[in-house]
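One line per chain: the protein sequences are Y and L, in this order.
At position 10 of the first sequence the residue is numbered 10 (my numbering), and the sequence of numbers has no breaks.
At position 23 of the second sequence the residue is numbered 23 (my numbering), and the sequence of numbers has no breaks.
Yeah, the Cβ is synthetic: ideal placement off N, Cα and C, and Gly gets one too.
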Amino acid sequence: MLPIIEIEKRKCITPFECKKCLQVCPQAVFAVAPTKVDRFKETDPEYYEVEAVFRDKCVICMDCVKICPTNALKVKAGGN
Amino acid sequence: MCQLCEKYGESNRWYLNPKNYARPIYKKVEKGKEREPMILDEIRAPLNLIKPLIDLKDKPEAYEEAMKEFTKRQERMVGQVVSLDDSKKMVEIAQPIARIDCICRRTFRATLEDGENRPRSCLGLGIGMFRWEEWPERYKGGVEFLSIEETKKHLEHWHKRGMVITIMAFGTPYIGGICLCDYPDCIAIRMRMDYGVKPFLLKGHQIAKVKYDECIGCGNCAQRCQFGAIKMEVTTNKSNIDLMRCFGCGVCAYACPQDAISLIDREKLPSLKEEW
């Protein structure tokens with residue numbers, strides 16, 4: 001079973017600026033992207049979200065959970 | 001033979017055929033309709049397309065089915081490894097060229113190559129680049145137009161640092177970018193290596209072969225291979241390249257102090273000529 005990675009969007013406000021989970025993950029599981037794009041203007045930081053894309057590669061080392069400054073991340077083994 | 005060359009090469013390598021740089025990249029917009037911001041789909045593809053695919057891994061049958069469909073879809077956006085020499089030939093026919101932020105590294109590591117603190121690595125090709133200001137989020141940090149000579153230096157710089165040179169088609173066979181890639185942050189290398197999605201990144205037209213007698217066992221090549229094709233043989237202390245796994249990028253050859261690795265044409269080797 002795939003590991004379960006939950007990201008509480010309410011707590012994770014500016015993931016592209018924080019970027020801690022994205023950079024610490026040895027398996028590069030996460031991806032960050034804007035939720036909208038505008039013409040002639042870059043997207044504001046609050047319109048970004050992070051997702052655990054490659055969660056099949058997650059080894060549940062918990063580095064991301066430990067480093068998250070807002071406790072927005074939960075990681076657990078699947079199948080429980 | 002390389003199927004892309006067969007279809008789009010006109011007796012040349014497909015990426016050296018000027019026609020494949022000259023197609024219109026913008027879809028015509030119907031009268032009265034506004035052009036859809038496809039840019040958002042492109043930027044969000046890992047979240048909107050790849051994540052749901054991987055979420056299916058617990059259900060092998062559904063996963064296999066979805067993967068087939070995904071692979072088929074990716075044929076429109078085919079990628080291929082090219083050697084430094086070939087990429088230099090490409091820049092002479094692909095104008096204009098602009099240095100841009102690598103969207104893969106931005107997506108998977110949240111790094112921004114703004115040109116001030118970090119050099120930009122990716123190259124966008126074609127007239128579309130003149131319209132970058134319409135979608136500054138896609139070209140975050142701005143773009144920098146380069147001359148042919150500057151582009152060649154750019155390619156050498158990153159290749160020397162260990163980046164694989166790849167080309168990306170946006171609506172195959174229209175070639176829209178030359179990327180400087182490494183694992184795991186390059187989505188093309190990752191999808192090919194970890195998930196076997198071939199059209200994301202086809203192997204190149206060459207393979208790297210070690211001249212056994214000239215290898216001094218320094219290990220530089222093995223350290224740099226992004227495809228896990230090189231190891232040092234413990235007993236002989238010589239480099240061993242698995243030619244079935246080699247993508248022919250040439251990063252190892254560039255790093256060899258003895259010049260003991262040479263790139264040879266894939267199609268000259270009967271067992272490899274259909275291995276892309």
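Buried/exposed call for Thr151(L), threshold 16 Cβ in 10 Å: buried
Members of the segment 120-138 of chain L that neighbour chain Y once the beta carbon cut-off is set at 9 Å: Glu133, Glu134, Trp135, Pro136, Glu137, Arg138
Below-9 Å beta-carbon distance, Phe227(L) vs any chain Y residue: no
Partner residues on chain L for Met1(Y), Cβ-Cβ distance less than 8 Å: Asp58
Three-state secondary structure assigned by DSSP to Gln74(L): helix
Touching by the beta-carbon criterion (3+ pairs, under 8 Å), the segment 99-108 of chain L and the segment 174-188 of chain L: yes
7 Å CB neighbourhood of Gln3(L) in its chain, flanking five on each side removed: none
DSSP-derived helix/strand/coil call for Arg99(L): strand
Contact between the segment 54-62 of chain Y and the segment 21-30 of chain Y (3+ Cβ pairs under 8 Å): yes
For Gln80(L), three-class secondary structure by DSSP: strand
Any chain L beta carbon closer than 9 Å to Val75(Y): no
Cutoff 9 Å: Pro46(L) Cβ touching any chain Y Cβ: yes
Distance between Gly79(Y) and Arg120(L) (C-alpha atoms, nearest Å): 42 Å
Touching by the beta-carbon criterion (3+ pairs, under 8 Å), the segment 1-11 of chain Y and the segment 89-101 of chain L: no
Limits of the beta strand (DSSP E) - the one that Arg145(L) falls within: For clarity, residue 145(L) is Phe in the given sequence; the question names Arg instead. Run containing Phe145(L): 144-146, per the beta strand (DSSP E) assignment.
Three or more C-beta pairs below 8 Å linking the segment 124-131 of chain L and the segment 62-69 of chain L: no
For Cys68(Y) and Val91(L), the rounded distance between their alpha carbons: 43 Å
Below-9 Å beta-carbon distance, Asp185(L) vs any chain Y residue: yes
Element boundaries [beta strand (DSSP E), containing Asp194(L)]: No beta strand (DSSP E) holds Asp194(L); the alpha helix (DSSP H) holding it covers 187-195.
Distance CB(Cys306(L))-CB(Ile165(L)) smaller than 9 Å: In the structure displayed, chain L extends from 1 to 276; residue 306(L) sits before or after that span and is not available.
CB contact below 9 Å: Lys36(Y) versus chain L: yes
Proximity test, Cβ basis, 9 Å: Ala110(L) and chain Y: yes
Buried versus exposed call for Phe40(Y) [16 or more other C-beta atoms within 10 Å across all chains shown]: exposed
Test item: CB-CB of Phe200(L) and Gly79(L) under 9 Å: yes
Minimum C-alpha distance to Gly204(L) - residue among Asp185(L), Ala45(L), Cys246(L), Gly115(L): Cys246(L)
Any chain Y beta carbon closer than 9 Å to Thr71(L): no
Buried/exposed call for Gln223(L), threshold 16 Cβ in 10 Å: exposed
CB contact below 9 Å: Arg10(Y) versus chain L: no
Chain-ordered chain L contacts of Thr14(Y) [CB-CB under 7 Å]: Result: empty, since nearest Cβ-Cβ is about 10 Å, beyond 7 Å.
Chain L contact for Lys66(Y) (CB, 9 Å cutoff): no
Amino acids of chain Y, ordered along the chain, whose beta-carbon sits closer than 8 Å to that of Lys140(L): Glu42
Strand pairing of Gly177(L), partner residues [DSSP]: Gly124(L), Met168(L)
Nearest-angstrom Cα separation, counted from Tyr212(L) out to Ser262(L): 11 Å
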